[in-house]
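S.K.: Handing you a structure now.
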Amino acid sequence: MMPKNSSMHTIFLVISHVLAVPASLMLLGTSCAVSGTGFLFSRQVMESTNGWKFHLLTEDIEFSVHHILQGRKIGFCADAVLYDEQPVTFRQSWRQRLRWSRGYLQVLYKYGARLVSGVFRGGKRGYACFDMLMTVAPGMLLSLAIFGFQVFIIF
92 MMPKNSSMHT IFLVISHVLA VPASLMLLGT SCAVSGTGFL FSRQVMESTN GWKFHLLTED
152 IEFSVHHILQ GRKIGFCADA VLYDEQPVTF RQSWRQRLRW SRGYLQVLYK YGARLVSGVF
212 RGGKRGYACF DMLMTVAPGM LLSLAIFGFQ VFIIF
């Protein structure tokens, strides 16, 4: 059931990114990505990193990339029920996506080289690295388009 404040854009995101993509990745036997609220992991996962070490703007994606690079598989539970607030206005949505773009840049800067080398390992782990690289790299292009254009105007 969709929340009352759901826009068509939010509904599309839920169907595509929250349901279809993770389910497809699970069918392929590769990793999903933790994206947003509503994820669960074991105590061993927390102990393996000596606590929560993920503090970039998109800490969920950073968490995913870190564990995929470690060879861990991130799963998806289609039966989970989550409640979450979403932006209601265009302005709120724009700011959220701009923040995500900045966070993707941070993740790309910190993990990009290791993701690229992970792609060439092949197999399911290589595909998981490719999938995460394609998640964070478009944010760089969007940020360059927005901020690069602004820098051009200033000079």
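The opening residue of the sequence shown carries number 92 in my numbering; numbering runs sequentially from there.
We treat Cβ as the ideally placed atom computed from N, Cα and C, and that holds for glycine.
Here the structure is a predicted model, which means the values were calculated and not measured.
1. DSSP three-state label for Leu131, please.
2. If I'm right that Glu138 touches Val198 with Cβ under 8 Å, what's the distance once you round it to whole angstroms?
3. Roughly how many angstroms lie between the CA atoms of Val136 and Gly162, to the nearest whole one?
4. Could you pull out every residue in the same chain whose Cβ sits closer than 6 Å to the Cβ of Val242, ignoring the five residues on either side in sequence?
5. Tell me which same chain residues have a C-beta within less than 6 Å of the C-beta of Val227, skipping the five on either side of it?
6. What first and last residue would you give for the alpha helix (DSSP H) that runs through Gly203?
7. Which one of Leu189, His158, Phe130 and Trp143 has the shortest CA to CA distance from Ala169?
8. Using a Cβ-Cβ cut-off of 6 Å (strictly less than) and excluding sequence neighbours within five positions of Phe145, which residues of its own chain qualify?
9. In angstroms with no decimal places, state the Cα-to-Cα distance between Val125 and Ile165.
10. Assuming Asp222 contacts Thr128 (C-beta within less than 8 Å), just tell me the rounded distance between them.
M.R.: According to the structure data:
1. Here residue 131 is taken as the residue at index 40 of the sequence shown, counted from 1. Correct three-state label for Leu131: coil.
2. Looking up residue 138 in the sequence shown gives position 47. Looking up residue 198 in the sequence shown gives position 107. Rounded, the Cβ-Cβ distance is 23 Å, inconsistent with contact.
3. Here residue 136 refers to the residue found at position 45 of the sequence shown. Here residue 162 refers to the residue found at position 71 of the sequence shown. Computed Cα separation, rounded: 12 Å.
4. Indexing the sequence shown from 1 puts residue 242 at position 151. Legend: pLDDT at Val242 = 48, less than 50; position of this residue unreliable, no value from coordinates given.
5. Here residue 227 is taken as the residue at index 136 of the sequence shown, counted from 1. Tyr195, Val198 and Leu199.
6. Reading the sequence shown from its first residue, position 112 is the one you call residue 203. Gly203: member of the alpha helix (DSSP H) spanning Phe181 to Val210, first to last residue.
7. Within the sequence shown, numbered from 1, the residue matching residue 169 stands at position 78. Residue Phe130 holds the alpha-carbon nearest to the alpha-carbon of Ala169 among Leu189, His158, Phe130 and Trp143.
8. Position 54 of the sequence shown, counted from the first residue, corresponds to residue 145. Hits under 6 Å: Glu153 and Phe154.
9. Position 34 of the sequence shown holds residue 125. Position 74 of the sequence shown holds residue 165. When rounded, the distance between both Cα atoms is 8 Å.
10. If you number the sequence shown from 1, residue 222 lands on position 131. If you number the sequence shown from 1, residue 128 lands on position 37. Actually they are not in contact, since the Cβ atoms of Asp222 and Thr128 sit about 21 Å apart, beyond 8 Å.
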